[in-house]
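**Q** What follows is a single structure, and I will ask about it in a moment.
Numbering (UniProt numbering), first residue to last: 1 to 584.
And the structure:
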């Protein structure tokens with residue numbers, strides 16, 4: 001008789017298989033612990049914060065998180081959690097009717113790191129974490145809790161300095177929309193600032209205004225640049241350029257018809273820079289915007305004129321010049337005042353006066369009256385410190401009538417003033433003088449007032465101003481010349497990066513008169529784009545073109561001739577700059 005060993009399963013494989021299937025279909029073991037069954041209703045009804053343990057499958061990031069880009073410190077945060085675990089329990093909440101928790105006010109980056117760490121390591125310490133449960137405030141459709149979550153995320157990220165300007169702007173925009181829906185009223189910048197302060201997120205109404213301008217004028221056109229972390233200072237520069245450019249556009253639009261609106265020019269110019277965000281430079285954008293505006297006005301407003309009105313650097317120089325002029329005027333007034341006081345003092349001390357006995361004291365007011373006038377008492381001071389009066393020893397009062405000569409010369413131009421003046425001179429401009437009026441005056445002086453017309457008026461045939469856009473001037477002149485003989489459509493701007501306004505001349509497609517042939521071949525020779533047209537030959541020069549005769553006017557008008565002379569001068573200069581390695 002075989003003995004039965006209880007440690008050996010006597011069932012065959014099929015029987016064991018059936019047993020396993022049966023056990024798999026049994027319901028889960030129920031947890032009858034009172035604390036377990038009390039947890040859910042306690043969470044729903046509690047109004048107090050409490051510590052809970054939550055698994056990753058029951059925890060979600062906040063879908064309205066203001067952060068739109070990956071946290072720059074993500075890898076460091078992840079490495080820290082892997083080595084040390086969570087130093088701070090994230091705050092979580094639970095909306096009515098949901099069976100999972102949501103990050104309440106900061107912690108989305110940590111949650112992302114935990115999910116990645118558990119996926120990589122399967123370490124249970126990353127699967128379940130302690131969280132601080134914050135009860136949901138309000139009903140299912142109440143906006144109070146949503147506002148608290150959004151403002152909480154803004155405040156949390158702001159304290160750590162982790163949000164970019166545009167991310168904060170987008171968050172504030174959403175808060176404003178919720179406020180207006182909740183209170184059924186429009187929120188001004190000031191009202192929004194006050195309400196955010198009441199809800200724990202202080203922010204000035206001026207910054208809110210900048211954020212709104214950023215969302216209106218910049219974000220639709222350069223989202224990648226902004227989300228890439230463009231700072232507040234750079235954003236304010238762009239907004240200032242927009243303000244200056246819009247003002248210039250409005251001024252000239254009253255006199256010159258355009259086929260485009262300012263918004264279109266702004267959009268097309270700015271959006272082109274968003275394709276390669278890392279290469280964005282504000283100065284390059286500003287330069288291209290000025291060029292595009294000049295082109296939109298058919299070059300009837302010059303680049304230099306627009307630059308003075310739009311460029312932040314030029315506006316700053318103008319303010320400095322105004323300040324320098326003001327200080328110079330005040331210094332001259334101070335000099336006159338000091339001289340007047342010294343003359344009065346000298347006249348007073350020149351009167352016969354009995355020398356006081358050694359035993360007598362000189363009255364203090366006489367001593368002070370006799371003191372020479374100090375330049376620092378007349379010139380404006382940069383500090384709030386009151387002028388101190390030096391004490392005068394009584395033993396030296398015998399010589400009080402001998403006053404030192406005092407002279408305050410009017411300040412000459414210092415280095416800053418000289419640099420600013422030089423800068424304007426390189427543009428062919430004079431500080432404080434309207435550019436158009438200055439050009440007209442120069443044209444009259446040079447006998448060229450008849451040529452100061454068109455896209456690029458000529459006021460001086462030979463003079464070159466180093467800081468000007470010479471290729472742009474040449475391109476504009478070529479257009480003026482070609483349009484005068486009816487072939488303006490043959491002048492082509494060759495697109496380069498960066499834009500430099502080199503041009504080429506396309507082949508003739510019209511019946512060519514002697515004048516057209518000459519102008520076309522000359523412009524082809526003078527083309528500034530790098531093409532094979534540099535070897536073009538000028539058509540035969542007939543005396544009827546330049547000189548005319550006793551019976552006929554020359555075929556080339558005075559205006560056309562002056563423009564050709566100026567264009568030749570410009571192209572010669574451009575080539576000389578290229579030979580010496582200067583950038584054009």
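Ideal placement from N, C-alpha and C gives every residue a C-beta, glycine not left out.
Nearest-angstrom Cα distance between residue 291 and residue 303?
**A** The straight-line gap from Cα to Cα measures roughly 6 Å.
**Q** Rounding to the nearest angstrom, what Cα-Cα distance links residue 487 and residue 457 in this structure?
**A** Between residue 487 and residue 457, the C-alpha separation is close to 19 Å.
**Q** Output the distance between the C-alpha atoms of residue 412 and residue 337, rounded to the nearest integer angstrom.
**A** Only weak support is given to the placement of residue 412: the predicted model assigns it a pLDDT of 48, under 50, and the question is left unresolved by the model.
**Q** Should the segment 218-237 be called in touch with the segment 166-185, which here means at least 3 C-beta pairs below 8 Å?
**A** Yes, they touch.
**Q** From the DSSP output, read off the bridge partner residues of residue 131.
**A** 52, per the DSSP bridge assignment.
**Q** Skipping 5 residues on each side, what residues in its chain have a beta carbon closer than 8 Å to that of residue 232?
**A** Excluding sequence neighbours, residue 232 sits near 165, 210.
**Q** Leaving out five residues before and five after residue 464 in sequence, what residues of the same chain have Cβ atoms less than 6 Å from its Cβ?
**A** Answer for residue 464: 573, listed in chain order.
**Q** With residue 481 as the anchor, note down where its alpha helix (DSSP H) starts and where it stops.
**A** First-last of the alpha helix (DSSP H) with residue 481: 470-484.
**Q** Under a three-way DSSP split, which group does residue 585 fall into?
**A** This structure leaves residue 585 out entirely; the chain is present only between 1 and 584.
**Q** Do residue 515 and residue 541 have their C-beta atoms closer together than 9 Å?
**A** No. Outside cutoff.
**Q** Select from 104, 224, 196 the residue whose C-alpha is nearest the C-alpha of residue 68.
**A** Comparing Cα positions, the closest option is 224.
**Q** Taking all protein chains shown into account, do 16 or more other C-beta atoms lie within 10 angstroms of the C-beta of residue 250, making it buried, or fewer, making it exposed?
**A** The residue is exposed, with fewer than 16 neighbouring Cβ atoms inside 10 Å.
**Q** Are the CB atoms of residue 459 and residue 442 nearer to each other than 9 Å?
**A** Result yes, Cβ atoms of residue 459 and residue 442 sit closer than 9 Å.
**Q** Which residue from 495, 482, 494 puts its Cα closest to that of residue 521?
**A** Measuring from the Cα of residue 521, the nearest candidate turns out to be 482.
**Q** Would you decide whether residue 186 is buried or exposed? Buried here means 16 or more other CB atoms lie within 10 Å of its CB.
**A** Classification of residue 186: exposed, given that the 10 Å Cβ count is below 16.
**Q** Measure the Cβ-Cβ separation of residue 159 and residue 104 and say whether it is below 9 Å.
**A** No, Cβ-Cβ distance for residue 159 and residue 104 is not below 9 Å.
**Q** Give me, in chain order, the residues of the same chain whose beta-carbon lies closer than 6 Å to that of residue 590; leave out the 5 immediate sequence neighbours on both sides.
**A** Residue 590 falls outside the range modelled here, since the chain spans only 1 to 584, and no answer is possible.
**Q** In this structure, how does DSSP classify residue 591 when only helix, strand and coil are distinguished?
**A** Residue 591 lies beyond the range of the chain shown here (1 to 584); nothing can be said about it.
**Q** Using the beta-carbon count (16 or more within 10 Å), is residue 580 buried or exposed?
**A** It is exposed - the Cβ of residue 580 has fewer than 16 other Cβ atoms within 10 Å.
**Q** By the 10 Å Cβ neighbour count, where 16 or more other Cβ atoms means buried, how is residue 152 classified, buried or exposed?
**A** With 16 or more other Cβ atoms within 10 Å, it is buried.
**Q** Report the three-state DSSP secondary structure of residue 215 (helix, strand or coil).
**A** Helix, per DSSP.
**Q** If residue 248 and residue 314 are in contact, beta carbons under 8 Å, what's the gap, nearest whole angstrom?
**A** Contact doesn't hold; Cβ gap of about 12 Å is too wide.
**Q** What span of residues does the beta strand (DSSP E) with residue 492 cover, start to end?
**A** 491-493 is the span of the beta strand (DSSP E), which, as asked, contains residue 492.
**Q** Would you decide whether residue 81 is buried or exposed? Buried here means 16 or more other CB atoms lie within 10 Å of its CB.
**A** Buried.
**Q** Here's a check: name, in chain order, each residue in its chain whose Cβ is nearer than 7 Å to the Cβ of residue 299, leaving out the five neighbours to either side.
**A** Correct list, in chain order: 455, 456, 476.
**Q** Between residue 112 and residue 101, is the Cβ-Cβ spacing less than 9 Å?
**A** Contact flag unset, no.
**Q** Assign residue 439 to buried or exposed, taking buried as 16 or more other Cβ atoms, counted over all protein chains shown, within 10 Å of its Cβ.
**A** Classification of residue 439: buried, given that the 10 Å Cβ count is 16 or more.
**Q** Where do the N-terminal and C-terminal ends of the beta strand (DSSP E) with residue 93 fall, by residue?
**A** 91-93 is the extent of the beta strand (DSSP E) around residue 93.
**Q** Shortest alpha-carbon distance to residue 51 belongs to which of 280, 557, 89?
**A** Here the closest residue by C-alpha is 89.
**Q** Could you name the residues of the same chain whose beta carbon sits closer than 8 Å to that of residue 227, not counting the 5 residues immediately before and after it, in chain order?
**A** Correct list, in chain order: 68, 69, 164, 166, 167.
**Q** According to DSSP, what are the bridge partners of residue 60?
**A** Residue 60 pairs with 102.
**Q** Our contact map puts residue 269 next to residue 289 with C-beta atoms below 8 Å; I'd like the distance itself, whole angstroms only.
**A** About 5 Å separates the two Cβ atoms, so the contact holds.
**Q** Does the Cβ of residue 78 have 16 or more other Cβ atoms within 10 Å, making it buried, or fewer, making it exposed?
**A** Buried, since its Cβ has 16 or more Cβ neighbours within 10 Å.
**Q** Would residue 505 and residue 492 qualify as a contact pair, given that the criterion is a beta-carbon distance under 9 Å?
**A** In contact: residue 505 and residue 492 (Cβ atoms closer than 9 Å).
**Q** Can you list, in chain order, the residues of its chain whose CB lies under 8 Å from that of residue 176, leaving out five sequence neighbours each side?
**A** Counting only Cβ-Cβ distances below 8 Å, and skipping sequence neighbours, we find 187, 192.
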